[in-house]
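So the mapping is simple: the working numbering equals the position in the sequence shown, first residue as 1, plus 35. Just so it is clear, CB atoms sit at the ideal spot from N, CA and C, and this is done for glycine as well. These numbers come from a predicted model, not from an experiment.
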Amino acid sequence: MDTSNDSEPIRIVLALRLSERDRALAVRYLLTPRSLSPKERISALDVFDELGASHIIIGKNTETFAAFYRTQVEKKYADIFLEQLLGTDNPEKTGTQLARETWQQILRDLQTWGLDLAGGIEQQCFIVFCGYWWQSFSKGYIREVAVFQELERSGIQFTAHNLRQRQERFSSHDLIVHGFRGDVKTSAYFLHVARSFPLTNDFYLVRLYDPARRSWLDVVMMKPAMWQALDGDTTPCELDEVAQLLPMPLLLMARDEALTVITYEEWKQRIMRLQVQKQEE
Numbered sequence: 036m037d038t039s040n041d042s043e044p045i046r047i048v049l050a051l052r053l054s055e056r057d058r059a060l061a062v063r064y065l066l067t068p069r070s071l072s073p074k075e076r077i078s079a080l081d082v083f084d085e086l087g088a089s090h091i092i093i094g095k096n097t098e099t100f101a102a103f104y105r106t107q108v109e110k111k112y113a114d115i116f117l118e119q120l121l122g123t124d125n126p127e128k129t130g131t132q133l134a135r136e137t138w139q140q141i142l143r144d145l146q147t148w149g150l151d152l153a154g155g156i157e158q159q160c161f162i163v164f165c166g167y168w169w170q171s172f173s174k175g176y177i178r179e180v181a182v183f184q185e186l187e188r189s190g191i192q193f194t195a196h197n198l199r200q201r202q203e204r205f206s207s208h209d210l211i212v213h214g215f216r217g218d219v220k221t222s223a224y225f226l227h228v229a230r231s232f233p234l235t236n237d238f239y240l241v242r243l244y245d246p247a248r249r250s251w252l253d254v255v256m257m258k259p260a261m262w263q264a265l266d267g268d269t270t271p272c273e274l275d276e277v278a279q280l281l282p283m284p285l286l287l288m289a290r291d292e293a294l295t296v297i298t299y300e301e302w303k304q305r306i307m308r309l310q311v312q313k314q315e316e
C-alpha cells in the first residue's frame with residue numbers, strides 16, 4: 036500500500052467477530068497491561084489474531100492490519116533494530132531502550148497518516164495491533180540474542196539461525212543443540228495458543244513467570260526424544276504448578292503433547308555432559 040499521500044481519507048473496518056469487549060481488551064492489553072487478569076491475557080492473544088484480519092483503507096487501497104504491519108512497520112524498522120541489537124553486549128538493557136525509541140517513531144509515522152490513539156476505537160485497535168506485534172517482535176529477539184550470547188559464554192555448542200536474513204528469522208526453529216531443534220520463548224503463553232500446535236521443535240527455552248515470588252524463571256521444555264537423550268525420571272504436574280515444583284524434572288501435558296520441564300541451568304549442565312562425551316568418543 037502506498038501511504039505517501041497523507042491527504043488520502045483513512046477508514047478502518049474491524050472484523051465482524053470482534054465484540055466491544057474484545058476491542059476494549061485489545062486496548063487495555065497494550066496501554067494498561069497490569070489491569071488484565073491471567074485469563075484476560077490469554078483471551079487477548081485470540082483477539083489480536085482476529086484483529087489481523089481487519090482492514091485499513093487509505094484512499095482506494097485496502098490492506099489487512101497484518102499486511103500493513105508487515106509492509107509499513109516491520110519492513111522499515113526490523114533490520115535496523117536487529118543490527119543495533121546484535122551490536123550490543125547487553126541486549127536486554129540496550130534492546131529494551133531501542134524498542135521503546137522505535138515504537139515512539141512508529142507512533143509518529145502513524146500520526147503523519149492521520150492515525151492517533153486519541154481517535155475512535157477503530158483507530159485505537161489498529162494502533163494497539165501494531166504495538167502488540169512490535170512489542171512481540173522486539174521482546175522476542177531481545178530474549179533470543181541474550182540467550183545466544185549466554186550460551187556462547189557457557190561453552191554450549193549450538194548453531195543459530197541468521198537474524199540478519201529475514202527468511203531465516205522466519206524459520207521454524209531458532210537454534211540447534213546436539214542435533215535437536217529449539218525455539219526461544221519470552222513466556223509460556225505459546226502453550227495457550229492453538230496455532231502453536233502441533234509443536235514442531237524438540238525443545239523450548241522458556242521464561243516462566245512465578246506469581247508466588249513475582250519473578251521470572253528460565254526453564255527448558257523438551258519433547259520426549261530430547262529428554263530421552265538427557266535421561267531421568269519425571270513428576271507429572273500442571274503448568275501452574277511448575278514454578279513451585281522445580282528444580283525436580285517435571286512432566287507437563289499440553290494439548291496431548293508431553294513436555295519435560297527442567298531449569299535452564301540443569302539443562303545446560305546435561306547438554307555439556309553430552310557434548311563432552313561426544314568429544315571423547
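I believe residue i touches residue j by the beta-carbon criterion, under 8 Å. Please report the beta-carbon distance rounded to the nearest angstrom.
| i | j | result |
| --- | --- | --- |
| W138 | W169 | 6 Å |
| R46 | I92 | 4 Å |
| T129 | R178 | T129 to R178, Cβ: 13 Å. No contact. |
| L285 | T269 | 6 Å |
| D237 | G217 | 7 Å |
| F161 | F100 | 6 Å |
| A289 | D245 | That pair is no contact at about 18 Å. |
| A79 | Y64 | 4 Å |
| A223 | L294 | That belief does not hold up - the Cβ atoms of A223 and L294 are roughly 10 Å apart, past 8 Å. |
| Q159 | V228 | About 23 Å; that fails the 8 Å criterion. |
| Q184 | P126 | 7 Å |
| Y328 | L120 | The question about residue 328 has no answer, for the chain in this structure spans 36 to 316. |
| R219 | L234 | What sits at residue 219 in the sequence shown is Val, not Arg. Not really, about 14 Å apart at Cβ, beyond 8 Å. |
| V108 | C165 | 6 Å |
| E85 | A50 | 5 Å |
| L280 | C272 | 5 Å |
| E43 | G94 | 4 Å |
| L198 | L117 | 5 Å |
Looking at the structure shown, is residue i part of a helix, part of a strand, or coil, going by DSSP?
| i | result |
| --- | --- |
| T298 | strand |
| N40 | Low confidence applies to N40: its pLDDT is 47, below 50, so where it sits in the model is not reliable, and the reading given next is rough at best. Coil, per DSSP. |
| E26 | Residue coverage of the chain in this structure runs from 36 to 316, which leaves residue 26 outside it and unanswerable. |
| H213 | coil |
| K258 | coil |
| F225 | helix |
| L240 | strand |
| A264 | helix |
| D218 | strand |
| P246 | coil |
| R46 | strand |
| D253 | strand |
| T270 | strand |
| L234 | coil |
| L309 | helix |
| L287 | strand |
| D124 | coil |
| R52 | coil |
| L281 | coil |
| R316 | Correcting the residue type first, residue 316 is Glu in the shown sequence and not Arg. Note: E316 maps to coil in three-state DSSP. |
Within 10 Å of its beta-carbon, does residue i have 16 or more other beta-carbons around it, so buried, or fewer, so exposed?
| i | result |
| --- | --- |
| A153 | exposed |
| S72 | exposed |
| P259 | exposed |
| G155 | exposed |
| N40 | Note that N40 has pLDDT 47, beneath the 50 cutoff, so the model's placement of it is unreliable and no number is given. |
| F205 | exposed |
| I141 | buried |
| V48 | exposed |
| F232 | exposed |
| V311 | exposed |
| R195 | It is Ala, not Arg, that sits at residue 195 in the sequence shown. Answer is buried; the Cβ neighbour count reaches 16. |
| L66 | exposed |
| Q202 | exposed |
| D366 | The structure shown does not extend to residue 366, since the chain spans only 36 to 316, so no value can be given for it. |
| D291 | exposed |
| D209 | buried |
| A247 | exposed |
| S54 | exposed |
Determine, using beta-carbon pairs with one atom in the segment 295-307 and one in the segment 250-261, whether at least three such pairs fall under 8 Å. yes
Would you check if there are 3 or more beta carbon pairs closer than 8 Å linking the segment 194-214 to the segment 305-313? They touch, by the three-pair rule.
If we require 4 or more residues per run, which alpha helix (DSSP H) segments fall completely within the segment 137-201? 156-189
Beta strand (DSSP E) runs contained entirely in the segment 60-121, provided each spans 3 or more residues: Complete beta strand (DSSP E) runs here, min 3: 90-93, 96-99.
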